[in-house]
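These protein sequence lines map, in sequence, to chains L and A. Numbered according to the working numbering, the first sequence spans residues 1 to 415. Numbered according to the working numbering, the second sequence spans residues 1001 to 1415. Using N, Cα and C, we set each Cβ at its ideal position, and we do this for glycine too. Worksheet for the structure shown next.
There are 2 protein chains.
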Amino acid sequence: MITTNEILLRAKAVSQNAPLSCEVKNKALKAMADALLRNSDEILKANALDISKAKETVSQVMLDRLRLTTDRIEGMAKGILEVADLPDPVGRVVQSSVHKNGLLIEKTSVPFGVVAIIYESRPNVTSDAAALSFKSGNVCVLRGGKEAYSSAYAIVKALKEGLRECGIDENYINLVEDTTRQSANELMTAVGLVDLLIPRGGKGLIKACTDNAKVPCIETGTGICHIYVDKEADLEKALKIIDNAKTSRPSVCNAAEVCLVHKSIAPLFLPKLYDSFYSSDRENKVELMGDSEVLKYINVTPAGENDFDTEFLDYKMAVKIVNSAEEAVAHIAEHSTHHSESIITEDGSTADYFTARVDSAAVYVNASTRFTDGGEFGLGCEMGISTQKLHARGPMGLNELNTYKYIIKGNGQIR
Amino acid sequence: MITTNEILLRAKAVSQNAPLSCEVKNKALKAMADALLRNSDEILKANALDISKAKETVSQVMLDRLRLTTDRIEGMAKGILEVADLPDPVGRVVQSSVHKNGLLIEKTSVPFGVVAIIYESRPNVTSDAAALSFKSGNVCVLRGGKEAYSSAYAIVKALKEGLRECGIDENYINLVEDTTRQSANELMTAVGLVDLLIPRGGKGLIKACTDNAKVPCIETGTGICHIYVDKEADLEKALKIIDNAKTSRPSVCNAAEVCLVHKSIAPLFLPKLYDSFYSSDRENKVELMGDSEVLKYINVTPAGENDFDTEFLDYKMAVKIVNSAEEAVAHIAEHSTHHSESIITEDGSTADYFTARVDSAAVYVNASTRFTDGGEFGLGCEMGISTQKLHARGPMGLNELNTYKYIIKGNGQIR
Chain L
1 MITTNEILLR
11 AKAVSQNAPL
21 SCEVKNKALK
31 AMADALLRNS
41 DEILKANALD
51 ISKAKETVSQ
61 VMLDRLRLTT
71 DRIEGMAKGI
81 LEVADLPDPV
91 GRVVQSSVHK
101 NGLLIEKTSV
111 PFGVVAIIYE
121 SRPNVTSDAA
131 ALSFKSGNVC
141 VLRGGKEAYS
151 SAYAIVKALK
161 EGLRECGIDE
171 NYINLVEDTT
181 RQSANELMTA
191 VGLVDLLIPR
201 GGKGLIKACT
211 DNAKVPCIET
221 GTGICHIYVD
231 KEADLEKALK
241 IIDNAKTSRP
251 SVCNAAEVCL
261 VHKSIAPLFL
271 PKLYDSFYSS
281 DRENKVELMG
291 DSEVLKYINV
301 TPAGENDFDT
311 EFLDYKMAVK
321 IVNSAEEAVA
331 HIAEHSTHHS
341 ESIITEDGST
351 ADYFTARVDS
361 AAVYVNASTR
371 FTDGGEFGLG
381 CEMGISTQKL
391 HARGPMGLNE
401 LNTYKYIIKG
411 NGQIR
Chain A
1001 MITTNEILLR
1011 AKAVSQNAPL
1021 SCEVKNKALK
1031 AMADALLRNS
1041 DEILKANALD
1051 ISKAKETVSQ
1061 VMLDRLRLTT
1071 DRIEGMAKGI
1081 LEVADLPDPV
1091 GRVVQSSVHK
1101 NGLLIEKTSV
1111 PFGVVAIIYE
1121 SRPNVTSDAA
1131 ALSFKSGNVC
1141 VLRGGKEAYS
1151 SAYAIVKALK
1161 EGLRECGIDE
1171 NYINLVEDTT
1181 RQSANELMTA
1191 VGLVDLLIPR
1201 GGKGLIKACT
1211 DNAKVPCIET
1221 GTGICHIYVD
1231 KEADLEKALK
1241 IIDNAKTSRP
1251 SVCNAAEVCL
1261 VHKSIAPLFL
1271 PKLYDSFYSS
1281 DRENKVELMG
1291 DSEVLKYINV
1301 TPAGENDFDT
1311 EFLDYKMAVK
1321 IVNSAEEAVA
1331 HIAEHSTHHS
1341 ESIITEDGST
1351 ADYFTARVDS
1361 AAVYVNASTR
1371 FTDGGEFGLG
1381 CEMGISTQKL
1391 HARGPMGLNE
1401 LNTYKYIIKG
1411 NGQIR
């Protein structure tokens, strides 16, 4: 077994190579996609091994996340080709000036260097993260969940095959072999070797990283997203948006978890919301958890102590009545994870108040929180959704996987 | 005494206010500058108290940093007025797109919220940091060194007076009253209350922050800056640049500490460097510390074990002979603090090699490292020089004191 430290030293060495040209990177990405497809059988075999081991210990939902099919592998290959089609983020001159003494000062985008990604059981993250890191000029060190190790190993083996075919150092893409907690801790504390750490996964993983990381780390993901139905809301829009934000894909971080309703429209709106979510037409009914004021209007589950601080990721939604937009904003400030929030209102000045005050990565007016996504925002792809304020906020695309440096050219200038 | 936690809670509350308009902020900055001048006597008295207490325990250099004069207070007021003249960084739409469904997606610059600044004994940092934080829409929590507490208190008192005169909440600017290590630790770990921590000072302070901070932190300052004299260097340029980078202000972070010399020009160049730095015309001779190869050409101090890893901040420079540009780049990768490095060469491809490979905030060709500065780079001001890669690199001006959020306006769009 190669130790995590050895992998990091190798990765650091490769990151000090000359940057690859866009042409070379795109050619390699195509070879990586081809190699994935060519090795489908081997990858499926490895995945079957993971599945058979995991069967007894993990839930059906987890098993489904873990399972690969020919279709899913084709999807992964397609994802890599899409990354190849995106513009190269490296080497953009993002700001340029000429000093009065003639110095040319160019603020230029450059890769971070070594990007470590700690993730959980979805095997497709392996190829997505590798492709995004590679295209953005970074060397990646992938550390997946132990349930998916054989799958990840087979995928990385195919990707490395693609790199080698193009004469590129295979150590641009690395998989950590140790899947115990120790390797995660090693990545979090590898000062000088890891230039950026990105945890992708549940609350526990993110918290472990933000608590323990000594290397630069971007917090991603968890979303307790709110929708506030203002007194000036168009109630039909509100119903449609809440339905979409809650039920179109409840397991993702941009799904809504909490609905705040202005008291003056509550008597009218809450029964409509109830009729919609408890309708016998629905395959999956949404359970509403109401505060004591809500219970005066609709007969739903009384909200428990933690219901306004829980990312349900399920057909569940907490509902609360507020006295004003100010109170909605204050509730969000206290309970949100700063991911995505939306106000439903026809009143422009209340909308402006809400967008100015709510301190989240994405703040919506009259739209579903489900749009917080790299593809939807026009970034073309996404490494994750940052819920922190340093460096990147919201969906992180290729540009967010670069930092910059100043390159200054002179002819003997002194100060 | 107000506890640090109380100050942070107050600061957080103020940061949730509506953002101030540029006009209001500039008017307040002018009132703050006036208030500083008006309260000069009181500030000088407070400073005299600090000086008399510090006299027995600190060095002459420290005492000089700590000392205020009427001139210096005028300089501080002028600095505040210069900040007022800079463009407002808040509310810039840095990217805008329209989704095919009609959603307007605007990536908009916003303040971080509460910015905590831990610094040492220069009293002018108090007013500089307060002005930059205020103009960038942030609420600042200042925590200066204990030697300068009375001066900082008097300065903040005057600044708050300026705010009150304009009807603005004086809690936009806050000074931590506890100057023990405990308050620094409280700021480093105030998750949810401090949105950004900026340490400004020596290596020990920076290291304490990066080791212990649980809140987002920007590493600033320490500079072990290198100048590499290539085999194709114009030696007269090289001498002039090294002289400037080393001696124009040895105590600052962008001063050069190490000179690397290509072996093929060493026999010609080193005697010239020696003649320049040991010239009897110089008021301050520069002590060179050479590796064993250097000692073959010039009779200087043998370099000690740590001389290539020391920020001298003094009339001292370590010198080493390298066999190639590759070796220079490798030495820099191992020993630099990623602040500023320069190559002296007339060979364009070697220059390109150097600027592409050296992983520092500022990489120069044929110019002095002393230009790494917010003013010189056209930012108009500077909160510090970041030596990290996340968020901001190099000089941090007003824009770097902002983060962004996406504001998305729709009319009922669902995904």
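Sixteen is the threshold: since fewer than 16 other Cβ atoms of the shown chains lie within 10 Å of the Cβ of residue 282 of chain L, the residue is exposed. In the DSSP assignment, residue 332 of chain L falls within the unbroken alpha helix (DSSP H) covering 325-335.
When secondary structure is reduced to three states using DSSP, residue 1188 of chain A falls in the helix class. Here residue 1322 of chain A carries a strand assignment [DSSP, helix/strand/coil]. Judged by DSSP secondary structure, residue 1271 of chain A falls within the alpha helix (DSSP H) whose first and last residues are 1266-1277.
Residue environment for residue 1059 of chain A: exposed (fewer than 16 other C-beta atoms within 10 angstroms of its C-beta). Excluding sequence positions up to five before and after residue 243 of chain L, its CB lies within less than 7 Å of the CB of 276, all in the same chain and listed in chain order. The three-state secondary structure of residue 141 of chain L, taken from DSSP, is strand. For residue 1028 of chain A, there is no enclosing beta strand (DSSP E); the enclosing alpha helix (DSSP H) has its first and last residue at 1022-1038.
Around the beta carbon of residue 1001 of chain A, a 10 Å sphere encloses fewer than 16 other beta carbons of the protein chains shown; the residue is thus reported as exposed.
Contact with chain L is absent for residue 1190 of chain A, since none of that chain's Cβ atoms lies less than 8 Å from the residue's Cβ. For residue 1388 of chain A, no alpha helix (DSSP H) segment is defined, and its DSSP state is neither H nor E.
With respect to the 8 Å criterion, residue 33 of chain L and residue 81 of chain L are classified as neighbours on the basis of their beta carbons.
Assigned with DSSP and collapsed to three states, residue 1348 of chain A falls in helix.
When the five nearest sequence neighbours on each side are left out, the beta carbons in the same chain lying within less than 8 Å of the beta carbon of residue 203 of chain L are those of 222 and 311, in order along the chain.
Against residue 333 of chain L, the close residues of chain A are 1016, in the order they occur along the chain (beta-carbon pairs closer than 8 Å).
Its chain contains 1179 as the residues whose beta carbon lies nearer than 6 Å to that of residue 1149 of chain A, once the 5 sequence neighbours on both sides are disregarded; these appear in chain order.
For the 8 Å CB-CB criterion, residue 1053 of chain A and residue 1398 of chain A do not form a contact. Counting only the Cα atoms, residue 196 of chain L lies some 8 Å from residue 1390 of chain A.
With fewer than 16 other beta carbons inside 10 angstroms of its own, residue 1263 of chain A counts as exposed.
DSSP places residue 1113 of chain A outside both helix and strand once states are collapsed to three, so it counts as coil. In this structure, DSSP gives residue 1196 of chain A an extended state, which the three-state scheme calls strand. Of all C-beta pairs linking the segment 1399-1414 of chain A to the segment 363-374 of chain L, three or more are shorter than 8 Å, placing the two stretches in contact. Residues of the segment 369-381 of chain L that bring their beta carbon within less than 7 Å of a beta carbon in chain A comprise 370, 371, 376, 377 and 378, in sequence order. The beta carbon of residue 104 of chain L sits closer than 6 Å to those of 98 and 409, all from its chain and outside the five residues before and after it, given in chain order. One finds nothing in chain L with a Cβ atom closer than 7 Å to the Cβ of residue 1304 of chain A; even the nearest lies about 23 Å away. Residue 144 of chain L and residue 336 of chain L have their C-alpha atoms some 28 Å from each other. Interface residue (Cβ-Cβ distance to chain L less than 8 Å): residue 1315 of chain A is not classified as such. Each of A/1198, A/1316 and A/1056 was checked against the Cα of residue 1248 of chain A, and the nearest Cα belongs to A/1316. The C-alpha of residue 108 of chain L is placed about 59 Å away from the C-alpha of residue 299 of chain L. DSSP, read as helix, strand or coil, puts residue 288 of chain L in strand. For residue 262 of chain L, the closest Cβ of chain A is not nearer than 8 Å.
Annotation: the continuous beta strand (DSSP E) that includes residue 1225 of chain A extends over 1225-1229. Taking residue 321 of chain L as the centre and dropping the five residues before and after it, the same chain places the C-beta of 261, 263, 266, 291, 293 and 294 closer than 7 Å to its C-beta, in chain order. Beta-bridge analysis with DSSP links residue 93 of chain L to L/108. For residue 1363 of chain A, the nearest CB of chain L lies under 8 Å from its own CB, placing it at the interface with that chain.
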